[in-house]
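**Q**
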Amino acid sequence: MNQKSHFSFFANRDLDLKQIKVIGYDMDYTLIHYHVTQWEEKAYEHTLDRLIQEGWPLTHLKFKPELTKRGLVLDLKRGNILKVDEFGCVNLASHGTKELSKEDVETLYGSTLVDLGDPYYEFLNTLFSISTGCLYAQLVDELDARKFKEALSYRSIFEALFKAQNLAHLEGRLKDDITSHPKKFVDLDSKLAETLLDQKNSGKKIFLATNSDWSYTDKMMNYALDPFLEEGMGWRNLFDLVIVAADKPSFFGNTQKIFSVNSEENHLKPHYGKLKENSVYHGGCALDVENFFNVSGREILYVGDHIYSDINIAKKSRRWHTALVLRELEQEMSDLEKYQSERITIALEKEKQNKLEEKISHYKLKRLHLINYHKDKPKESLESLTTKIEGLEKDLKVSSEKVAYFTKILKDHVNSPWGFLMRVENSRSLIAKQIAKHADIYSSRVSNFREDGPYRHFKSEPALFPHDYKKLRELEEINS
Ligand SMILES: [Mg+2]
Numbered sequence: 382m383n384q385k386s387h388f389s390f391f392a393n394r395d396l397d398l399k400q401i402k403v404i405g406y407d408m409d410y411t412l413i414h415y416h417v418t419q420w421e422e423k424a425y426e427h428t429l430d431r432l433i434q435e436g437w438p439l440t441h442l443k444f445k446p447e448l449t450k451r452g453l454v455l456d457l458k459r460g461n462i463l464k465v466d467e468f469g470c471v472n473l474a475s476h477g478t479k480e481l482s483k484e485d486v487e488t489l490y491g492s493t494l495v496d497l498g499d500p501y502y503e504f505l506n507t508l509f510s511i512s513t514g515c516l517y518a519q520l521v522d523e524l525d526a527r528k529f530k531e532a533l534s535y536r537s538i539f540e541a542l543f544k545a546q547n548l549a550h551l552e553g554r555l556k557d558d559i560t561s562h563p564k565k566f567v568d569l570d571s572k573l574a575e576t577l578l579d580q581k582n583s584g585k586k587i588f589l590a591t592n593s594d595w596s597y598t599d600k601m602m603n604y605a606l607d608p609f610l611e612e613g614m615g616w617r618n619l620f621d622l623v624i625v626a627a628d629k630p631s632f633f634g635n636t637q638k639i640f641s642v643n644s645e646e647n648h649l650k651p652h653y654g655k656l657k658e659n660s661v662y663h664g665g666c667a668l669d670v671e672n673f674f675n676v677s678g679r680e681i682l683y684v685g686d687h688i689y690s691d692i693n694i695a696k697k698s699r700r701w702h703t704a705l706v707l708r709e710l711e712q713e714m715s716d717l718e719k720y721q722s723e724r725i726t727i728a729l730e731k732e733k734q735n736k737l738e739e740k741i742s743h744y745k746l747k748r749l750h751l752i753n754y755h756k757d758k759p760k761e762s763l764e765s766l767t768t769k770i771e772g773l774e775k776d777l778k779v780s781s782e783k784v785a786y787f788t789k790i791l792k793d794h795v796n797s798p799w800g801f802l803m804r805v806e807n808s809r810s811l812i813a814k815q816i817a818k819h820a821d822i823y824s825s826r827v828s829n830f831r832e833d834g835p836y837r838h839f840k841s842e843p844a845l846f847p848h849d850y851k852k853l854r855e856l857e858e859i860n861s
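Just so you know, we're using our numbering here: the sequence shown kicks off at 382 and counts up by one.
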């Protein structure tokens with residue numbers, strides 16, 4: 382298996398790191414990766430606890446991470462979870478925890494295009510959404526089984542879940558669990574410290590902008606970076622500026638209040654005027670960062686894992702360059718490699734089907750012309766054309782069955798019942814479209830910068846259109 386490609390950065394657009402003066406990082410699931418199942422199970426338990434305390438009869442529920450995946454969409458009108466392609470068409474769906482048949486998907490969504498601007502759709506933006514999606518699916522089942530006394534809707538159960546989740550985060554018990562047992566929850570990356578150090582030593586300025594508070598940030602960064610730095614160095618030495626409680630996505634918008642953090646006493650003081658080097662601030666905004674480093678947005682690269690709050694808004698509001706961290710890419714690429722022969726078979730069969738369809742259309746048109754224009758002198762009998770068409774249609778059916786067989790193998794064996802993260806059959810998934818639109822580059826982990834160093838010029842691949850593929854195939858046929 383070619384492991385090197387799994388640990389690369391991939392470019393949607395050209396990005397020359399030599400032109401980047403400042404690199405900013407998000408923390409959770411960007412610099413620090415968590416063991417997703419453990420972290421999300423803990424988040425799930427705390428949210429469930431809150432709901433149970435409020436009187437919801439949910440003590441029997443258990444965390445099932447396979448129910449959901451980043452990049453899926455919750456349909457709060459119908460209580461469904463959707464896998465959507467780049468055009469907004471629904472490809473797979475479940476109602477609560479139950480998978481919907483192809484026919485049901487067609488009936489419900491055949492004439493609908495999912496638009497994330499519609500408030501009834503909720504996009505699962507990060508790995509932190511796994512517990513949200515799982516609990517939502519289970520609450521839908523409970524609502525359908527009439528387990529709740531109150532009259533609730535598929536939307537109001539999501540609102541209750543969202544509120545309970547925020548309260549669970551706010552009350553601090555969840556983060557206390559994480560900081561008390563970091564080994565259980567944090568997936569350490571021994572190459573991360575060296576990667577950041579290389580960037581700093583190359584002359585780039587480095588900053589942290591996280592939504593987490595100072596106390597949690599300090600403990601987590603300390604755990605993840607300090608053991609890999611030389612004696613006498615701490616994680617703070619790597620960063621020229623630290624912003625906690627950044628409140629992204631608002632951070633990328635209008636001016637927000639900023640406080641200086643007394644890092645020893647975890648005490649906040651309102652701050653006015655210029656920011657100071659090597660300091661910790663609570664709040665503030667992207668403009669403060671640009672002013673502090675005296676750079677324009679085009680000289681900043683921001684690295685995060687949240688497709689909306691880190692990447693979409695940073696690019697749209699500030700024109701910062703963006704890098705997305707997508708840890709699932711390692712599993713995705715490994716699955717793609719493992720099932721390469723099945724995927725090639727499907728692709729070849731689809732190409733064959735395309736040619737068969739082309740021939741069938743050709744003979745059908747010929748038959749039509751024969752009926753309408755050549756009644757007296759038919760060159761080819763109607764009967765022989767019909768036999769040809771029937772033969773080709775039979776081949777098409779055999780090929781379709783073969784594709785269905787191999788598609789099922791893929792579906793049954795790929796790590797998630799929701800299939801590949803970035804793909805929906807022949808198209809890109811909705812999340813893949815979001816990534817292509819908002820992230821200049823993407824990779825599974827920050828330390829993948831290490832191999833390329835801080836001087837790399839990432840170049841995107843040339844765009845290929847259907848007419849390019851047609852031409853390429855023609856050339857292949859000529860040369861074969
Ligand atoms: Mg994050």
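Cβ atoms here follow ideal geometry from the backbone N, Cα and C, with glycine treated the same way.
Between residue 406 and ligand 1, is the CB less than 7 Å from at least one heavy atom?
**A** no
**Q** What would DSSP say about residue 382, mapped onto helix, strand or coil?
**A** Unreliable positioning characterises residue 382 in this predicted model, as indicated by a pLDDT of 44, which lies under 50. A coordinate reading is not provided.
**Q** Enumerate, from N- to C-terminal direction, the unbroken alpha helix (DSSP H) stretches of 4 or more residues contained entirely within the region 594-650.
**A** 595-606
**Q** When we look at the beta-carbon of residue 488 and count the other beta-carbons within 10 Å, is it buried (16 or more) or exposed?
**A** Residue 488 should be labelled exposed.
**Q** Is any heavy atom of ligand 1 found at a distance shorter than 7 Å from the C-beta of residue 410?
**A** Flag set: Cβ of residue 410 near ligand 1.
**Q** Verify the contact flag: residue 507, CB atom, against every heavy atom of ligand 1, threshold strictly below 7 Å.
**A** yes
**Q** Can you list, in chain order, the residues of its chain whose CB lies under 7 Å from that of residue 431, leaving out five sequence neighbours each side?
**A** 545, 548 and 549
**Q** Give the straight-line distance between the Cα atoms of residue 610 and residue 520, rounded to the nearest whole angstrom.
**A** 45 Å
**Q** Please classify residue 423 as buried or exposed, where buried requires at least 16 other C-beta atoms within 10 Å of its C-beta.
**A** buried
**Q** Quick one: Cα of residue 615 to Cα of residue 418, how far?
**A** 29 Å
**Q** Give a single yes or no on whether residue 452 has its beta carbon closer than 7 Å to a heavy atom of ligand 1.
**A** No; taking the cut-off as 7 Å, the Cβ of residue 452 has no heavy atom of ligand 1 nearer than that.
**Q** Shorter than 7 Å, the distance from the beta carbon of residue 686 to the closest heavy atom of ligand 1, or not?
**A** yes
**Q** Label residue 512 either buried or exposed according to how many other C-beta atoms from any shown protein chain fall within 10 Å of its C-beta, with 16 as the threshold for buried.
**A** buried
**Q** Drop a sphere of 10 angstroms on the beta-carbon of residue 474, count the other beta-carbons inside from all chains shown, and report buried for 16 or more, exposed for fewer.
**A** With 16 or more Cβ atoms within 10 Å of its Cβ, residue 474 is classed as buried.
**Q** Helix, strand or coil: how does DSSP classify residue 541 here?
**A** helix
**Q** Just grab the DSSP bridge partners of residue 413 for me.
**A** Its beta-bridge partners are 409.
**Q** CB-CB under 6 Å to residue 651, same chain, minus the five flanking residues each way: which ones, in chain order?
**A** 640
**Q** Would you kindly check if the distance between the Cβ of residue 403 and the Cβ of residue 909 is under 8 Å?
**A** Outside the shown range of the chain, which is 382 to 861, sits residue 909, and nothing can be said about it.
**Q** By the three-class DSSP mapping on this structure, what secondary structure does residue 518 have?
**A** Note: residue 518 maps to helix in three-state DSSP.
**Q** Identify every run of the beta strand (DSSP E) within the region 684-734, keeping only runs that are complete inside it and at least 3 residues long; order them along the chain.
**A** The region 684-734 contains these whole beta strand (DSSP E) runs: 702-706.
**Q** Would you tell me roughly how many angstroms separate the C-alpha atoms of residue 484 and residue 706, rounded to the nearest one?
**A** 36 Å
**Q** Have a look at the DSSP bridge pairing and note the partners of residue 461.
**A** 456 and 476
**Q** Anyone know if the C-beta pair for residue 604 and residue 661 falls short of 8 Å?
**A** Taking 8 Å as the Cβ cut-off, residue 604 and residue 661 do not qualify as a contacting pair.
**Q** Here's a check: name, in chain order, each residue in its chain whose Cβ is nearer than 6 Å to the Cβ of residue 583, leaving out the five neighbours to either side.
**A** 835
**Q** Could you name the residues of the same chain whose beta carbon sits closer than 8 Å to that of residue 763, not counting the 5 residues immediately before and after it, in chain order?
**A** 748, 751 and 752
**Q** Tell me, to the nearest whole angstrom, how far the beta carbon of residue 839 is from that of residue 396; I am working on the premise that it is less than 8 Å.
**A** 5 Å
**Q** Count the other CB atoms, across all protein chains shown, that sit within 10 Å of the CB of residue 768; report buried if there are 16 or more and exposed otherwise.
**A** exposed
**Q** Identify the continuous alpha helix (DSSP H) that holds residue 783 and give its terminal residues.
**A** 763-794
**Q** Output the distance between the C-alpha atoms of residue 382 and residue 718, rounded to the nearest integer angstrom.
**A** Model confidence at residue 382 stands at a pLDDT of 44, short of 50, so the residue's coordinates are unreliable; what they give is reported in the following sentence. Taking the straight line joining both Cα atoms gives about 8 Å.
**Q** At a Cβ threshold of 8 Å, is residue 539 touching chain B?
**A** In the displayed structure, chain B is absent; only one protein chain is listed.
**Q** Using 10 angstroms around the beta-carbon of residue 659, count the other beta-carbons present and answer buried if the total reaches 16, otherwise exposed.
**A** exposed
**Q** With DSSP as the reference, identify every bridge partner of residue 652, one or two as the case may be.
**A** Beta-bridge pairing links residue 652 to no other residue.
**Q** Rounded to the nearest angstrom, what separates residue 799 and residue 515 at their Cα positions?
**A** Approximately 13 Å, taken between the alpha carbons.
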